[in-house]
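Heads up: the structure comes next, in structure tokens.
Residue numbers (this note's numbering): 2 to 180.
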């Protein structure tokens, strides 16, 4: 994606940072102001994620170090989900593997092992506190994006060998102009 911003009816597709941008390894700050700017950022994240395409994105993916996540999972009856200041408050002992990737490292994926179920605490765009239990793909996505907010890029969850393989694939795609 080019560095230009594309306006789509009030929402903007923002440039996505690419790995290894250091902001992707920087913990995001808690959101303390719940206002129109926060709602606009959430809208921009949704539009940017759809354009990427992806199913989840955080403010750090576009260079804003704020604890904001937007998810839009396939076949989710709730549609778009927005989480402000999310954190995992409980994780199951039982682990599962799921294919993961990132809008900041397009074209490559690998299996990551994570807890199968979690409970998170978060705020909505108005600042109201909530808790939510999640399992399956939603649990994977929440853990993946909360890791990103904590400055943990998904490849850090891989073995050294797997991480090196992913990076070689990404470098090859980038050389071919496909990443």
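A virtual CB, placed ideally from N, CA and C, is assigned to each residue, including glycine.
These numbers come from a predicted model, not from an experiment.
Between the alpha carbons of residue 29 and residue 176 lies a gap of roughly 31 Å. The continuous stretches of beta strand (DSSP E) do not include residue 167, which lies in the alpha helix (DSSP H) extending over residues 161-176. Residue 155 and residue 140 have their C-alpha atoms spaced approximately 14 Å apart. Its chain contains 105 as the residues whose beta carbon lies nearer than 6 Å to that of residue 19, once the 5 sequence neighbours on both sides are disregarded; these appear in chain order. Going by DSSP, residue 40 is part of no beta strand (DSSP E) but of the alpha helix (DSSP H) stretching over 37-52.
Beta-bridge partners of residue 91 (DSSP): 120.
Taking a cut-off of 8 Å for Cβ pairs, the stretch 48-68 and the stretch 108-116 do not touch, as fewer than three such pairs fall below it. Residue 109 is not a Cβ neighbour of residue 164, given a cutoff of 8 Å.
Between residue 75 and the set 46, 149, 54, 127, the nearest pair of CA atoms involves 54.
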